Structure formats: structure tokens, C-alpha cells
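Working notes, beginning with the structure itself.
Number of protein chains: 2
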Amino acid sequence: MPGKTDLSELNCSLARTLAIVGDWWTLLIVRDACIGVRRFGDFQDSLGIAKNILATRLQQLCAAGIMARSGPERRPLYQLTEKGRALLPAMVALMQWGDRFASANKPPVIVTDTSGRPIAPVTLRNNRGDVASEDVRFAAGPGANARTRAFLDALRTAEMKRDV
Amino acid sequence: MPGKTDLSELNCSLARTLAIVGDWWTLLIVRDACIGVRRFGDFQDSLGIAKNILATRLQQLCAAGIMARSGPERRPLYQLTEKGRALLPAMVALMQWGDRFASANKPPVIVTDTSGRPIAPVTLRNNRGDVASEDVRFAAGPGANARTRAFLDALRTAEMKRDV
DNA sequence: CTGTATCCTTAAAGATACTG
DNA sequence: CAGTATCTTTAAGGATACAG
Numbered sequence: 740m741p742g743k744t745d746l747s748e749l750n751c752s753l754a755r756t757l758a759i760v761g762d763w764w765t766l767l768i769v770r771d772a773c774i775g776v777r778r779f780g781d782f783q784d785s786l787g788i789a790k791n792i793l794a795t796r797l798q799q800l801c802a803a804g805i806m807a808r809s810g811p812e813r814r815p816l817y818q819l820t821e822k823g824r825a826l827l828p829a830m831v832a833l834m835q836w837g838d839r840f841a842s843a844n845k846p847p848v849i850v851t852d853t854s855g856r857p858i859a860p861v862t863l864r865n866n867r868g869d870v871a872s873e874d875v876r877f878a879a880g881p882g883a884n885a886r887t888r889a890f891l892d893a894l895r896t897a898e899m900k901r902d903v
Numbered sequence: 740m741p742g743k744t745d746l747s748e749l750n751c752s753l754a755r756t757l758a759i760v761g762d763w764w765t766l767l768i769v770r771d772a773c774i775g776v777r778r779f780g781d782f783q784d785s786l787g788i789a790k791n792i793l794a795t796r797l798q799q800l801c802a803a804g805i806m807a808r809s810g811p812e813r814r815p816l817y818q819l820t821e822k823g824r825a826l827l828p829a830m831v832a833l834m835q836w837g838d839r840f841a842s843a844n845k846p847p848v849i850v851t852d853t854s855g856r857p858i859a860p861v862t863l864r865n866n867r868g869d870v871a872s873e874d875v876r877f878a879a880g881p882g883a884n885a886r887t888r889a890f891l892d893a894l895r896t897a898e899m900k901r902d903v
């Protein structure tokens, strides 16, 4: 992105994730890989992406350890690593949001287990069960720096002051 | 993004979601909103984003129904709508991935319920319990067009032919 | 404080041609 | 088929100044 800020500096795991997979094509490539695409040309056909862009993205994904290249040098296979497959819950959650709000509840693609049983809507849970989105809170974690701590403190204080 | 493809055309809910919230700043703004940020200036301070960019994003988010503007015209509040809060599972899943792979398991921010109980790692489940990422499959859904169907069929056939 | 209006820079995206 | 090498376009991001 033009003249941009380095999101990975932001002391925020979401920002760091987006700095790695947050651009327009990367998650779609990962999605295709999940579905079973492995060849350069198949990614290209599936996405309608320019070859140079695709080549760059695949290199980045391999460098990031999200995908791995194997097979013949002339006609390699690109496959997800464990780290790449770990993106699945996030990807499916994004898909489900799109199913609901951007595809009018008519999913172009449905997600199932090996027996065809549908994957349930992704929810947030604690050790007792689902947690509603209104009940979710954020707090400083072990990786928080002073700025992040101050920021969260300030917010908490502001809420105390009855901001509504 | 420069000279770009319209992802929303892709007959894919993930692409459509990314077309709405898939740029570098939008999800971070949503995250801040989740945490409790509501003021223009607070978003700006938190993210270090330029004012014009922030203004554009907030407009887009409001237009998309993800955030809503309220309060005095001179000093409005920006808050998530139901549609916006529905992004939480996806956001948390992305954060968790970053916690693990981009923050060395030292989360800058932790997510809890109202009692401080931690939110568990987001997983994929069917009606019986967790589904491992290797056991996830994709199939054409009610919103699939001919191209998507053909694509998924072709992949399935290719796998039959013993690709791996 | 919350924007809007300009201007500028830059690099991402795409098209095309070429190579092994 | 799987790239690499260029070239061009273009619009996103950012800085600044200004306004209500």
C-alpha cells in the first residue's frame, strides 16, 4: 500500500496478522489452498490474478511459513503448512459473516466436515459456553507495552466517568 | 488499491467480506470500536492514522451499516452496530493467530468475558464438537454460480485422479 | 474537536512480452 | 506450465492547511 504505515509496529496481534495476510489477495489464495488448489495456474484461473502478483504473494506466503513449495522445480505444488491451516477458523468466520451480510444468506460455498456435516457458526466461548459479543472485554496481556497499557487504562477510566 | 479487481464480483463470501472490511485500516478501526473507542480523535490517536483516511473509513463503515454515528453533530460518537459486532469472532480469530504466530504467544491484548474469564481459542465445530482443520471440506452452496460449481467439481475430480 | 479540501508521493496492480 | 522482467496506470495513503 502506498506510502504506508507499518502495521506490524502496532503492539497489536490483529495488526500484525493483517500485516502478513491482510491484503486483498493473500487470504483468497489461502482459501483456494484450503479448498485444494495447488498449482500456480489453478490459482491464477480461480482468482483472475495477474501472474506477477500471484508469484509475489506465493513467495511471501512461503517466506512467512504459511505455505510450502514442493514437487518438481518446473511444476511445483503449493500447499498450506500447519501455520497456514491455523488460519482456517478466522477465514471461515469471515466467510460466514459474508454469507450473512454480503451474500444474502445464500453461501456460494459451504463448509463441512469429511462426512458433509455443516460447520456451525463460529462463536466466542469461554470454558462454560458461548459468550455474547456484548459481553466481550479486552485487557492488557503479557505482551502489552506501556503505551498499550496506558491506552486501555484511559479507556477504562473514561467509561467509569460515565461515557455510556 | 491501485487499478484493482472488484473482489465483490467473485462469487465468494470471503472475497465479498474482504471487499468491505479487508483493507489495512478498517478492521483495526472495528477493533478499536470493540474495545470502546468512540471518538474521532481517539481513533486517530490510537491508530496513528491520517485524518482524511480515518474520515473516509468511518463514512464507509457507517454506509455499510457496520458502525453508526450518533450524538452531537459537532462531536459525534461512532459505535458498532449489530452487524459490526458480528465481526467479533472473525476478529478474535485473527488476533489469536497473531498472538501465536506474530506475537510469540505474548498477546498484547487479551480477550475475556465480563468476569475476566478468558475467551477460548476459536475453533471450527459441527454439532458434535471440534472439527480439525484437516477434516474441513468445501462444497457448492445455494449461492454458487455455474463457474463456482464447475470449479469445485474440477477440483474434486482432480483429487480423484490421485493428485496429492 | 471534527472534519473537509488539496496536493504529493509511492508502490501496488495489472498488462505484456519474454524465458526455461 | 511457471515464472521473471518491464512498463504504465491509478488510486490509496499521508501531510498540511483550513473551516465549522
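The listed protein sequences derive, respectively, from chains A and B.
Residue 740 in the working numbering sits at position 1 of the first sequence, with consecutive numbering throughout.
Residue 744 in the working numbering sits at position 5 of the second sequence, with consecutive numbering throughout.
From the three backbone atoms N, C-alpha and C, an ideal C-beta is built for every residue, glycine too.
Since the structure is predicted, the reported quantities are computational estimates derived from the model, not experimental observations.
Against chain B, the CB of residue 811 of chain A has no partner CB under 8 Å away; the residue lies outside that interface.
For the pair of segments examined, the segment 849 to 864 of chain A was found to touch the segment 878 to 890 of chain B: the number of CB pairs separated by less than 8 Å reaches three. Under a 10 Å Cβ-count criterion, residue 832 of chain B is classified as buried, with 16 or more other Cβ atoms of the shown protein chains found around its own Cβ. Using a CB distance cut-off of 8 Å, residue 847 of chain A counts as an interface residue toward chain B.
Chain B places no beta carbon closer than 8 Å to that of residue 807 of chain A, leaving this residue out of the contacts.
When 9 Å is used as the limit between beta carbons, residue 814 of chain A is near no residue of chain B, the shortest such separation being about 12 Å. Under the 8 Å criterion on CB atoms, residue 768 of chain B is classed as non-interfacial with respect to chain A. Under the Cβ distance rule, residue 800 of chain B does not count among the residues neighbouring chain A, no pair being separated by less than 8 Å.
In the DSSP annotation of this structure, the continuous segment of the alpha helix (DSSP H) that includes residue 759 of chain A starts and ends at 752 to 760.
In the same chain as residue 751 of chain B, and ignoring 5 residues on each side of it, the C-beta atoms closer than 8 Å to its own belong to 887, in chain order. Looking at the DSSP output, residue 865 of chain B bridges to B:868. Under the three-state reduction of DSSP output, residue 881 of chain A falls in the coil class, being neither helix nor strand. Rounded to the nearest whole angstrom, the CA to CA distance from residue 836 of chain B to residue 884 of chain A is 19 Å.
Spatial neighbours of residue 758 of chain B in its own chain (CB-CB distance under 8 Å, excluding positions within 5 residues in sequence) are listed in chain order as 745, 746 and 747.
Inter-segment contact for the segment 753 to 769 of chain B and the segment 763 to 773 of chain A is present: three or more beta-carbon pairs are separated by less than 8 Å.
Counted as a single uninterrupted DSSP element, the beta strand (DSSP E) harbouring residue 809 of chain A occupies residues 806 to 809. The shortest CA-to-CA distance from residue 893 of chain B to any of A:773, A:753 and A:781 is the one to A:781. Rounded to the nearest angstrom, the Cβ distance from residue 807 of chain B to residue 818 of chain B is 6 Å, consistent with a contact under 8 Å. Apart from the 5 residues on each side of it in sequence, residue 857 of chain B sits with its Cβ closer than 8 Å to the Cβ of 849, 850 and 851 in its chain, given in chain order. For residue 851 of chain A, the closest Cβ of chain B is nearer than 8 Å. Within chain B, not a single residue places a beta-carbon under 7 Å from that of residue 892 of chain A; the smallest gap is close to 12 Å. For residue 775 of chain A and residue 895 of chain B, the gap between their C-alpha atoms comes out near 8 Å. Taking 8 Å as the cut-off, the beta carbon of residue 882 of chain A is found closer than this to the beta carbon of residue 842 of chain B. In the three-state scheme derived from DSSP, where H, G and I count as helix and E and B as strand, residue 776 of chain B is classed as coil.
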